[in-house]
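With the numbering used here applied, the sequence shown covers 604 to 667.
Heads up, the beta-carbon is just placed ideally off N, CA and C, and yes, glycines get one too.
Model, not experiment: these values are computed from the prediction.
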Amino acid sequence: MISEKSESSKALCVCPECKNTIDLSRYPNIAPGMVIECNHCGMTLLVKEIAGGNVQTEIVDEGK
Ligand SMILES: [Zn+2]
């Protein structure tokens with residue numbers, strides 16, 4: 604079985620708040636520990652892990 608599709612190394616990130624896909628083109632060097640912002644709802648998110656092109660994020664509770 605040949606399934607070697609060279610997808611562009613585009614990571615995908617779904618906002619845990621609004622469930623929209625966040626535009627990561629603003630973050631070309633995204634890495635765990637980085638804080639990004641959802642371009643849909645403005646939520647601040649902490650990048651926890653990038654696995655298999657999926658960016659896992661956690662909502663940052665601001666104002667702590
Ligand atoms: Zn959002």
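- Residue pairing from DSSP places E661 in a beta bridge opposite L649.
- With a threshold of 8 Å, the Cβ atom of I633 does not count as near ligand 1, since no heavy atom of the ligand is closer than that.
- In this structure, the CA atom of M637 is about 18 Å from the CA atom of G655.
- The straight-line gap separating the alpha-carbon atoms of H643 and C618 is approximately 9 Å.
- About 6 Å separates the Cβ atoms of P635 and E652, confirming a contact at the 8 Å cut-off.
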